[in-house]
Amino acid sequence: MSELDAPERALLALANDAHDPTDADRARVRAALAARLGTAAGLGVGAALGAAATAKAATTGVATTAKAVAAGASGLGSTGTAAAVTGGALATKLVVAVALTATVGVGATVRVVRHRSHGPAPAAQTALHDRRTATVANRPLAAAAPDRPRQEDPAAAAPAEQPSTGSAPPARRSPAAPATPQRTAEPAPAIEAPTVSAPPPSTAQTAAPEDSAKHSVRSDSSSVAATVSNHPLAPATSSRGQACGPARADLDGPRPEFTVADEARLVHDGVRALHDGQAACALSLLDTHAHFYPHGVLAEERDAERAFALADLGRVKEARAAAAAFLRAHPTSPLGARLRQRIPGSDAANGDTTGGTPHP
Amino acid sequence: MGQGLVNGPGKPGTSVSVGVPPRPTFAELYEAYFTFVWRSARRLGTPEPNLDDVVQEIFMVAFRRQDEFEGRSSVKTWLYGIVFNVVRAHRRELAQKHPQALAADRRVDPDLLVDDTDGPHEQASKGEAARVLDLFLDDLDDDRRAVFVLAELEQLTAPEIAAIVGSPLNTVYSRLRLARIEFAKAVARHRARDDRRRS
């Protein structure tokens, strides 16, 4: 195999650090990840927001309001304001609009809207915007109040107790997507959601928890927020066999434009539902993932988790078949060991129903 | 899942390829490997306007899969596998949905690559070298690009590359050989333009 000559190596050496990020890049992505992952990632939302706002103030022209950072760090009881961050390194303009509306434990909303000075097509811009809006809303209290118990996080709470704001179905980004069953009559044509559209704090604080979700729908005309609030996850219960994924009609909708984030979120929520004992819900979400992203980045993980979900539901034959199919498709996957352990007979399955019951 | 990877106070940036690897927290993982992930995502062909999103997705996947990391490979190699897959999926989506986004990333005027301020090629500015490299990488097909970046810029071994890209070792060698030939041609073209400009 030929090696590079000196001129080529010299050029590579010169260009070696050409693609390194700036501190502003690091802080900006960290803040976004902290908002998406909440306290689980240990990235520190308040610190990340502060870092994002201050890291490169001198060189990138960061402008942020102290009020917004304070709202992001302290969370409850504050109605959002905006933090505008302009990054010069990538010639991007980052506008972070944080709107926090506190209710008694539920109903908080965090919005992040970012625009770029250049980027993909307008449709892609819209998709990016939508994704952020819904994504951050997925972790409202984790972002707003890191010290609060996880049970108070609507995204982590049992679906039967609170409407989940978990993974929005990909169809939410399509204006033509079928409305979800609980969708209100409120017109929702706007892709660009209003920055702050929450009810007055006094109203929210006196509302019953179940009313909070309604408020978040009624008071917000954006299709994104309405769809998230009415995500089919919301009515899911712990009863076996009840699905919580999108209705079949949703699966017939247009395929999303940008999919990686939604793909990861679908699988993430499916796994979390599985861990929460919501196997039917998990299966529905994972099936949704399989529908929209049959060859997605997380297809391997999805297939394994789907087998687990089937096993948890007691659908032994299907679980074993799914596990066998997985092992055939991914013979070297690290997930294979878990599958073999929890679903005995996976290797020789292919419809064999005489084996033992999958381990819980 | 929590913070996962938390079996020890792993020190960011330390070697994790031999013995019992230190297992950093996710936050430490982020701090230690953000530059690597960002740089790799860009070099593998993520358009610059989309870098933020792709890097976020890479760390989201890493967060989801951190429990799968069992120390059989280095964190860097494990992470690079995620980078490779996410970037590849992203580029496929772009090629299908918004090919203009990929095309826009290629628009580099070769004449602008010449730094006419001083010196021979070896003394060219970092910016000029970076533009030459960008143009070269943009013109490579995805498979060769990945192998070239991993081998020549990230200094990974051929077996590591084969594991990451999921190709046989001989295929990796073949792609690398062809990519090196292409790179030599690209550098030669650049030098010829430079000489022509200066003559």
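Protein sequence lines correspond, in order, to chains D and F. Just so we're aligned: the first sequence equals residues 1261 to 1620 in this note's numbering. Just so we're aligned: the second sequence equals residues 349 to 547 in this note's numbering. Each residue gets a CB set at the ideal place from its N, CA and C atoms; glycine is no exception.
* **Where S522/F sits in the DSSP three-state scheme** => S522/F falls in the helix class under three-state DSSP.
* Neighbour list for A1292/D in chain F, Cβ cutoff strictly below 8 Å -> D400 and Q404
* Tell me whether Q1538/D is buried or exposed, calling it buried when 16 or more other Cβ atoms sit within 10 Å of its Cβ. => buried
* Are V1637/D and H1549/D closer than 7 Å when you measure CB to CB? -> In the structure as shown, chain D starts at 1261 and stops at 1620, and residue 1637/D therefore has no counterpart that could be examined.
* To do: Would you kindly work out how many angstroms separate the C-alpha atoms of V402/F and L1297/D, rounded to a whole number?
  => 16 Å
* Given that L501/F touches chain D, what residues does it touch there, using C-beta distances under 8 Å? -> L1272 and N1276
* To do: Could you say if the segment 430-449 of chain F and the segment 1577-1595 of chain D meet the contact criterion of at least three C-beta pairs nearer than 8 Å?
  => The answer is no - the segment 1577-1595 of chain D does not touch the segment 430-449 of chain F, with fewer than three Cβ pairs under 8 Å.
* Secondary structure at F417/F, three-state DSSP: helix, strand or coil? -> Looking at F417/F - three-state DSSP - the assignment turns out to be coil, as it is neither helix nor strand.
* To do: Report the neighbours of R1621/D on chain F: residues whose CB is nearer than 8 Å to its CB, in chain order.
  => The structure shown does not extend to residue 1621/D, since chain D is modelled only from 1261 through 1620, so no value can be given for it.
* To do: Apply the 10 Å Cβ neighbour rule to P395/F and answer buried if 16 or more other Cβ atoms are within range, or exposed otherwise.
  => Classification of P395/F: buried, given that the 10 Å Cβ count is 16 or more.
* Thinking C-beta only, is V520/F closer than 7 Å to I509/F? -> yes
* Check whether the Cβ atoms of E500/F and L1272/D sit closer than 7 Å, and answer yes or no. => In this structure, E500/F lies near L1272/D, with their beta-carbon atoms less than 7 Å apart.
* With 16 other Cβ atoms within 10 Å as the buried cut-off, status of Q414/F -> The residue is buried, with at least 16 neighbouring Cβ atoms inside 10 Å.
* Close Cβ partners of I430/F (< 6 Å) along its chain, the five nearest in sequence each way excluded -> I406, V409 and A410
* To do: Note down, in chain order, all residues in the segment 424-438 of chain F with a beta-carbon under 8 Å from any beta-carbon belonging to chain D.
  => N433, V434, A437 and H438
* To do: Taking 8 Å as the threshold, find out whether the segment 481-501 of chain F comes into contact with the segment 1287-1295 of chain D through three or more Cβ pairs.
  => no
* Give, in chain order, every residue of the segment 472-490 of chain F whose Cβ lies closer than 7 Å to some Cβ of chain D. => A472, K474, A477, A478, V480 and L481
* To do: State the CB to CB distance for the pair I1603/D and R1575/D, rounded to an integer number of angstroms; the pair is presumed to be in contact (CB under 8 Å).
  => So it is not a contact: roughly 11 Å between Cβ atoms.
* **Beta carbon of L1545/D nearer than 7 Å to that of R1566/D** => Their beta carbons are not under 7 Å apart, which means L1545/D does not touch R1566/D by this criterion.
* Asked: What residues from the segment 514-541 of chain F come within 9 Å of chain D, judged by C-beta to C-beta, listed N to C?
  -> Of all residues in the segment 514-541 of chain F, only Y521, S522, L524, R525, R528, I529, F531, A532, A534, V535, A536, H538 and R539 come within less than 9 Å of chain D when Cβ atoms are compared, listed by chain position.
* To do: List the whole-angstrom C-beta distance separating D1572/D from L1599/D, where the pair is believed to meet the contact cut-off of C-beta under 8 Å.
  => Between L1599/D and D1572/D the Cβ distance is about 13 Å, and since that is not below 8 Å, they are no contact.
* **Rounded C-alpha distance that separates D1265/D from D1280/D** => 25 Å
* Selection of the segment 1521-1532 of chain D by Cβ proximity to chain F, strictly under 9 Å -> Residues passing the 9 Å Cβ filter: A1521, E1523, A1524, R1525, V1527, H1528, V1531 and R1532.
* Asked: Under a three-way DSSP split, which group does N433/F fall into?
  -> helix
* What residues in the segment 1542-1574 of chain D have a beta carbon less than 8 Å from any beta carbon of chain F? -> G1556, V1557, L1558 and E1561
* Give a yes or no on whether 7 Å exceeds the smallest Cβ distance from L1264/D to chain F. => yes
* To do: Could you name the residues of the same chain whose beta carbon sits closer than 7 Å to that of F1568/D, not counting the 5 residues immediately before and after it, in chain order?
  => Annotation for F1568/D: L1534 and R1602 place their beta carbon closer than 7 Å to its own, counting only its chain and skipping 5 residues before and after.
* Asked: Which same chain residues, not among the five before or five after A1582/D, have their C-beta less than 8 Å away from its C-beta?
  -> D1563, R1566, A1567 and L1570
* Is it right to say H1555/D is buried, meaning 16 or more other beta carbons lie within 10 angstroms of its own, or is it exposed? -> exposed
* **Rounded C-alpha distance that separates A477/F from L1543/D** => 50 Å
* Compare the C-beta of V1286/D with all C-beta atoms of chain F and state if any pair is closer than 7 Å. => Sequence check: residue 1286/D is Arg here, not Val. It does; some Cβ of chain F falls within 7 Å.
* Name the two residues that bound the continuous alpha helix (DSSP H) containing G1596/D. => L1595 to R1602
* Are any of the Cβ atoms in chain D nearer than 7 Å to that of R412/F? -> yes
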